[in-house]
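Residue numbers (this note's numbering), protein chains in the order written: chain A, 142 to 322; chain B, 833 to 973.
We put the CB at the ideal spot given by N, CA and C, even for glycine.
Model, not experiment: these values are computed from the prediction.
Worksheet: the structure to be examined is printed underneath.
What follows is the structure, given as structure tokens:
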């Protein structure tokens, strides 16, 4: 793949890649932009090289996921060395998985989108990842499993359970929203 | 019936995610913007670390000079004085002379007692030694 082809491919999937970076950073837009930028630079300068073993989309999503993990790990190490309490954002998304966090507060979403993001934040990380990759990024469950680094059967289980839980949460949130109105 | 419900749920989820994607789409940067931002950050990072290029050699030179000064100003230890040997080897003519010069030569011939001196200063003879004193003979009255 030449540099021009690589840039063209990347340009075509930046929007959906940013969505994946947002999902990896608990919808923290600043952190997501940093992750996306670091990932794109890795791809452009050859630190992450596409070898054609998977589709380009799954490869790019894998790089973004890895980059987000590295940044979280670095933030954790820095906090231990400097003996300062770690910010919730820096441990995203796992620590926010079952928390009461409202990541949508940082973004200017429509009401329905904000409700979806709040519901996603309450799912376990794996389920959230699989659902995001399937519904937001339009990957198949098999591709999502490859990106998330789990077996296909495991991904199917996460998909089914996540969908069920999300449906319940969206129902609860809808009722809560109606009550607030 | 349940399959229809699942399909409906899935459709609803897909449309909810599509709405979220559409909300986010305008905020996505272009590749050129990302690269330009990275270049700006690199340019800002260089002057911040430039002092290191000067500070590291200067620190190294200062530490070398300090170590040299410490070693130069410390008092030099005096060379150890030569001690005479316990026995002047040059004065002995033969191995017999060496034996005669040793303290063992002053022991009585056939001595087999202890070489550890007693509190009185004499060398004690063991109980079964031949040099034990013979008890005085008793004569009939």
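Separation of residue j from residue i, as counted between CA atoms
{"i": "residue 261 of chain A", "j": "residue 890 of chain B", "result": "55 Å"}
{"i": "residue 860 of chain B", "j": "residue 186 of chain A", "result": "21 Å"}
{"i": "residue 892 of chain B", "j": "residue 902 of chain B", "result": "16 Å"}
{"i": "residue 848 of chain B", "j": "residue 278 of chain A", "result": "13 Å"}
{"i": "residue 873 of chain B", "j": "residue 206 of chain A", "result": "22 Å"}
{"i": "residue 164 of chain A", "j": "residue 882 of chain B", "result": "37 Å"}
{"i": "residue 143 of chain A", "j": "residue 862 of chain B", "result": "19 Å"}
{"i": "residue 255 of chain A", "j": "residue 191 of chain A", "result": "35 Å"}
{"i": "residue 858 of chain B", "j": "residue 894 of chain B", "result": "56 Å"}
{"i": "residue 251 of chain A", "j": "residue 852 of chain B", "result": "8 Å"}
{"i": "residue 291 of chain A", "j": "residue 282 of chain A", "result": "11 Å"}
{"i": "residue 914 of chain B", "j": "residue 900 of chain B", "result": "31 Å"}
{"i": "residue 305 of chain A", "j": "residue 841 of chain B", "result": "9 Å"}
{"i": "residue 253 of chain A", "j": "residue 856 of chain B", "result": "13 Å"}
{"i": "residue 904 of chain B", "j": "residue 885 of chain B", "result": "30 Å"}
{"i": "residue 214 of chain A", "j": "residue 221 of chain A", "result": "11 Å"}
{"i": "residue 887 of chain B", "j": "residue 183 of chain A", "result": "31 Å"}
{"i": "residue 172 of chain A", "j": "residue 166 of chain A", "result": "6 Å"}
{"i": "residue 160 of chain A", "j": "residue 270 of chain A", "result": "11 Å"}
{"i": "residue 174 of chain A", "j": "residue 846 of chain B", "result": "25 Å"}
{"i": "residue 133 of chain A", "j": "residue 212 of chain A", "result": "Residue numbering for chain A in the displayed model covers 142 to 322; residue 133 of chain A lies beyond these limits and cannot be assessed."}
{"i": "residue 293 of chain A", "j": "residue 285 of chain A", "result": "9 Å"}
{"i": "residue 843 of chain B", "j": "residue 225 of chain A", "result": "45 Å"}
{"i": "residue 259 of chain A", "j": "residue 312 of chain A", "result": "12 Å"}
{"i": "residue 145 of chain A", "j": "residue 836 of chain B", "result": "46 Å"}
{"i": "residue 879 of chain B", "j": "residue 210 of chain A", "result": "29 Å"}
{"i": "residue 898 of chain B", "j": "residue 877 of chain B", "result": "33 Å"}
{"i": "residue 307 of chain A", "j": "residue 296 of chain A", "result": "16 Å"}
{"i": "residue 906 of chain B", "j": "residue 912 of chain B", "result": "18 Å"}
{"i": "residue 996 of chain B", "j": "residue 896 of chain B", "result": "With chain B running from 833 to 973 in the structure shown, residue 996 of chain B is simply not present."}
{"i": "residue 219 of chain A", "j": "residue 875 of chain B", "result": "24 Å"}
6 Å CB neighbourhood of residue i in its chain, flanking five on each side removed
{"i": "residue 208 of chain A", "result": "176, 179 and 180"}
{"i": "residue 236 of chain A", "result": "Legend: pLDDT at residue 236 of chain A = 40, less than 50; position of this residue unreliable, no value from coordinates given."}
{"i": "residue 854 of chain B", "result": "none"}
{"i": "residue 838 of chain B", "result": "none"}
{"i": "residue 157 of chain A", "result": "278"}
{"i": "residue 267 of chain A", "result": "299"}
{"i": "residue 147 of chain A", "result": "none"}
{"i": "residue 257 of chain A", "result": "none"}
{"i": "residue 155 of chain A", "result": "none"}
{"i": "residue 193 of chain A", "result": "none"}
Cβ shell of residue i (< 7 Å), same chain only, five flanking positions each side left out
{"i": "residue 287 of chain A", "result": "195 and 199"}
{"i": "residue 204 of chain A", "result": "180, 183, 184 and 189"}
Check: residue i C-beta below 7 Å from any heavy atom of the ligand NAD
{"i": "residue 311 of chain A", "result": "As for the ligand NAD, it is missing from this structure, which has no ligand bound."}
Beta-carbon proximity list for residue i, same chain, < 8 Å, skipping 5 on both sides
{"i": "residue 280 of chain A", "result": "198, 199, 202, 274 and 288"}
{"i": "residue 870 of chain B", "result": "none"}
{"i": "residue 850 of chain B", "result": "none"}
Would you call the segment 860 to 870 of chain B and the segment 148 to 158 of chain A in contact, with 3 or more CB pairs under 8 Å?
-> Remark: three or more beta-carbon pairs, one from each stretch, lie closer than 8 Å, so the segment 860 to 870 of chain B and the segment 148 to 158 of chain A are flagged as touching.
When Cβ atoms are compared, which residues of the segment 852 to 863 of chain B fall closer than 8 Å to chain A?
-> If the cut-off is 8 Å between Cβ atoms, the segment 852 to 863 of chain B has 852, 853, 855, 856, 857, 859, 860, 861, 862 and 863 near chain A.
Mind checking the segment 834 to 846 of chain B against chain A and listing, in chain order, the residues whose C-beta falls within less than 9 Å of any C-beta there?
-> Residues 838, 841, 842, 844, 845 and 846.
Pairing CB atoms from the segment 297 to 305 of chain A with CB atoms from the segment 264 to 276 of chain A, are three or more of them under 8 Å?
-> At 8 Å Cβ cutoff, the stretches touch.
Quick one: which residues of the segment 295 to 309 of chain A get their C-beta closer than 8 Å to a C-beta of chain B? List them in chain order.
-> Considering only beta carbons, the part of the segment 295 to 309 of chain A lying closer than 8 Å to chain B consists of 304, 307 and 308, in chain order.
Quick one: which residues of the segment 150 to 173 of chain A get their C-beta closer than 9 Å to a C-beta of chain B? List them in chain order.
-> Considering only beta carbons, the part of the segment 150 to 173 of chain A lying closer than 9 Å to chain B consists of 151, 152, 155, 156, 157, 158, 159, 160, 163 and 170, in chain order.
Mind pulling the alpha helix (DSSP H) runs of 4 or more residues that sit fully within the segment 159 to 196 of chain A?
-> Here the runs fully enclosed are 170 to 185.
Taking a Cβ distance cut-off of 8 Å, strictly less, list which residues of the segment 178 to 210 of chain A are near chain B, in chain order.
-> Listed by position along the chain: 178, 181, 182 and 185.
Taking only beta carbons into account, state which residues of the segment 866 to 889 of chain B come closer than 8 Å to chain A, listed in chain order.
-> Taking 8 Å as the Cβ-Cβ cut-off against chain A, the residues of the segment 866 to 889 of chain B that qualify are 866, 867, 869 and 870.
Alpha helix (DSSP H) segments (min. 4 residues) lying fully within the segment 838 to 925 of chain B = Counting only runs that start and end inside the segment 838 to 925 of chain B, the alpha helix (DSSP H) elements of at least 4 residues fall at 863 to 905.
In chain order, what residues of the segment 270 to 299 of chain A put their CB closer than 7 Å to some CB of chain B?
-> The segment 270 to 299 of chain A vs chain B, Cβ under 7 Å: 276 and 277.
Considering only residues of the segment 254 to 319 of chain A, which uninterrupted alpha helix (DSSP H) runs meet the minimum length of 4 residues and lie entirely inside it, listed in chain order?
-> Listed in chain order, the complete alpha helix (DSSP H) runs (minimum 4 residues) inside the segment 254 to 319 of chain A are 266 to 272 and 282 to 289.
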